[in-house]
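Notes follow once the structure below has been shown.
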Amino acid sequence: MLMSSSDYRESLRAYRPRVFVQGSRVESVPDDPRLAPGVNAVGVTYDYARSDRFRPIATATQHTSGATVNRFLHVNRTTSDLLAKLEYTRAVCQETGCAMRYLTMDGFNAVFQITHRIDAEHGTDYHARFVDYLHEAQEQDLTVGIAMTDAKGDRSLRPHEQPNPDTYLRIVERRPGGIVISGTKAIVTSAPYVHHLLALPGRNLLEADAGFALACAVPIDAEGLTVVSRPAGRPGESGAVFSGRYGQTTGVCLFDRVFVPWERVFMCGEWAFADALTKTYAAHHRQTCIGARAGFGDLLIGAGALMIEANGLCASRSAPLRDTMVELIKVVESFYACGVAASVYGTVDPSGAAEPEAVYANIGKLLLSTKIYDMHRLAHTVSGGLIVALPTPEDDHNPETGADLAEVLTGRPDVPYEKRAAVARFIEDITASYAGGWMSVISLHGGGSPEAMKGEIHRRYPFADRKALVERLIDRGLVADEGDAKADATAKADADSGTRAAQPGQCCDAGCEAPPVPAPVAPKITGLAAGDD
Ligand SMILES: Cc1cc2nc3c(=O)[nH]c(=O)nc-3n(C[C@H](O)[C@H](O)[C@H](O)COP(=O)(O)OP(=O)(O)OC[C@H]3O[C@@H](n4cnc5c(N)ncnc54)[C@H](O)[C@@H]3O)c2cc1C
């Protein structure tokens, strides 16, 4: 079943989560205006899967069931899947800025892979349990929040060393029918308006931390679960031309003796696999973040270009403006290119799931994490100070000031004041408001802080190949030209060793084949073709 956005909104009524926002209990999540921008944004992911325009990238066939499912619930099988999810994520974020349902997909892929590995080593049946749950989530077209980041308490201490054990989610009791869990997941995107949470470990663990080695799914209204959240976006604010409609929130999820039946438990004490689960999730999610932030970058590029025009200028005739816009494009498309490379060099693991190449995924995420601040600066540079100095929409509508403002604050004569003001407020909203700050911080820390990416890049980079390359050059002498025979022998040795030009992830022919590009995606850089829905 593929729900529409209104079906999704209705489906939330079947749940009665205990949610607090700004100090008060939320009576009905789908009806609370403070959460509406979040529900709207996630709703887009439902409508896209049903639209003629986006269906080819927004849906996929789940190989374990043959069902057509929303791609954000799909287990990737091929490098084409990885590319399609990147494009779908970008398309969704071009519309919403950030529609976090893709987290579900990243969590599902990681659990699919790692349960397969745990079973192979321990003879458990987690993988089959998870596949049953996966099918159920796909059948019901659920949105599942990823609860990975624990409160963590004192960062210098391991989970079992924390004075307050509730700073990490943990197993507190094992019963014949399931387990009881307590603790805190501190940052869970979309928590109030998801159907379920998928709780995962957020770090490597030692044997002493075995009680924290836990992966399981719980309904958002499970008894004992409380979500403390904040408004999504900037609902109701007059200048919030974008984030009044689309936005996201995060929730602190407090688990107080929540019971989880065994069929929803996918890791229970296998501490040695926590690191692999965290890092596998990270590889998927960081590549997805690239698509998400590219969609946001498209909004900045479009808004910057409109603001230049509204100011009466032309970037192709002004070198500083052109250079600034090119810098913005360069940033966005360079991290996006890393996402494409991570797809192309993706590999399929023994579970049958395709995983993005991790060096490119981490480099792309590292780039966007640090360049998000430059992206904002570049958009500010071409726009001018009016984006934060413009009076509010109420002043536009005030008969005592409106006409004067429109007269003197018009730029190019054929661009009405209202349009110039709307673009200025759009840029303020997505870069210089609370919502803009949120976008910076999620880019920096969401999916892991920069240090986490640096660690993964260094750990996974093929240094051995690079060292072998130089050692061969040293052995053979750097300057000698000993004729064609020697050159041919060298080329053959390089080919035999397979290391001469190895790129990260280029471990086999299959992993390096360029996947076919899904049909509706080709015009990406210039924007998707004009819509037909
Ligand atoms: C808007 C937003 C949405 C998010 N959504 C989700 C979500 O849906 N699900 C989810 O699970 N997570 C989510 N996250 C959490 C995200 O993954 C974390 O923010 C990130 O992993 C960093 O963890 P932290 O915020 O606890 O920071 P900290 O761990 O406190 O790190 C802060 C800084 O300290 C450094 N540091 C941390 N520990 C050490 C140490 N021992 N030694 C030296 N330096 C250290 C870090 O590198 C970092 O620079 C979200 C984050 C944001 C901002």
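The opening residue of the sequence shown carries number -11 in my numbering; numbering runs sequentially from there. Note that the Cβ used here is the ideal one computed from N, Cα and C, for glycine as well. Here the structure is a predicted model, which is why all the values come from computation and not from measurement.
For Lys140, the CB falls within less than 7 Å of some heavy atom of ligand 1.
The three-state secondary structure of Arg65, taken from DSSP, is coil. Per the coordinates, the alpha-carbon of Thr52 lies some 12 Å from the alpha-carbon of Glu124.
Setting aside the 5 residues that flank it on each side, Pro21 is surrounded in the same chain by Pro223, each with a C-beta closer than 6 Å to its C-beta; the list follows chain order.
For the 8 Å CB-CB criterion, Pro219 and Val429 do not form a contact.
Judged by the Cβ position, Glu444 fails to qualify as a neighbour of ligand 1 at the 7 Å threshold, every heavy atom of the ligand being at least this far.
In this structure, the C-beta of Val429 approaches ligand 1 to less than 7 Å from one of its heavy atoms.
Scanning its chain for C-beta atoms nearer than 7 Å, with the 5 sequence neighbours on each side dropped, one finds around Phe96 the residues Leu61, Val63 and Leu122, in chain order. Shortest Cα-Cα distance from Ala330 to any of Thr312, Gly352, His364 and Leu356 involves Gly352. Between Ile418 and Phe230, the beta carbon gap of about 6 Å places them in contact (Cβ cut-off 8 Å).
DSSP places Phe323 inside the alpha helix (DSSP H), whose first and last residues are Ala307 to Val332.
Excluding its 5 nearest sequence neighbours in each direction, Arg6 has C-beta neighbours in its own chain below 6 Å: Thr214, listed in chain order.
By the criterion of a C-beta distance shorter than 6 Å, Met136 is surrounded in its chain by Leu188 and Gly190, once the five residues flanking it on both sides are discounted.
For Arg158, the uninterrupted beta strand (DSSP E) segment begins and ends at Arg158 to Arg163. When DSSP states are grouped into helix, strand and coil, Asn58 belongs to the strand group. From the listed residues Glu444, Ala87 and Leu366, the smallest Cα separation to Val314 is found for Leu366. Counting only the Cα atoms, Ala210 lies some 9 Å from Tyr3.
Residue environment: Leu70 is assigned as buried (16 or more neighbouring CB atoms within 10 Å of its CB, all protein chains considered). Residue pairing for Ala196: DSSP places it in no beta bridge.
Boundaries for Ala260: no alpha helix (DSSP H) harbours it, and the DSSP string shows neither H nor E there.
In this structure, DSSP gives His110 a helical state, which the three-state scheme calls helix. Using a 10 angstroms sphere on the CB of Met(-11), the tally of other CB atoms stays under 16, which defines it as exposed. Ranked by Cα distance from Thr268, the options Lys73, Ala46, Arg105 and Arg454 are led by Arg105. In the three-state reduction of the DSSP assignment, Arg274 falls in the helix class.
Looking only at Ala108, Arg281 and Arg413, the smallest Cα-Cα distance to Gln82 is reached by Arg281. Sequence-distant partners of Asp19 (beyond 5 residues in either direction) whose C-beta falls short of 7 Å from its own C-beta are missing from its chain.
Ser217 is bridged by DSSP to Val9 and Gly239. In the three-state reduction of the DSSP assignment, Pro180 falls in the helix class, which pools H, G and I. Burial state of Leu461 is exposed, judged by a 10 Å Cβ sphere holding fewer than 16 other Cβ atoms. Secondary structure note for Ile418: it is in no alpha helix (DSSP H), with a DSSP letter that is neither H nor E.
By the criterion of a C-beta distance shorter than 6 Å, Glu161 is surrounded in its chain by Val168, once the five residues flanking it on both sides are discounted. Judged by DSSP secondary structure, Leu202 falls outside any alpha helix (DSSP H) and instead within the beta strand (DSSP E) spanning Leu202 to Pro207. In this structure His385 is exposed. Its beta-carbon is surrounded by fewer than 16 other beta-carbon atoms within 10 angstroms. Per DSSP, reduced to three states, the secondary structure at Arg117 is helical. Listed in chain order, the non-local C-beta contacts of Tyr422 below 7 Å within the same chain comprise Arg222, local neighbours out to five positions each way being set aside. The alpha-carbon of Val347 is positioned some 10 Å away from that of Leu354.
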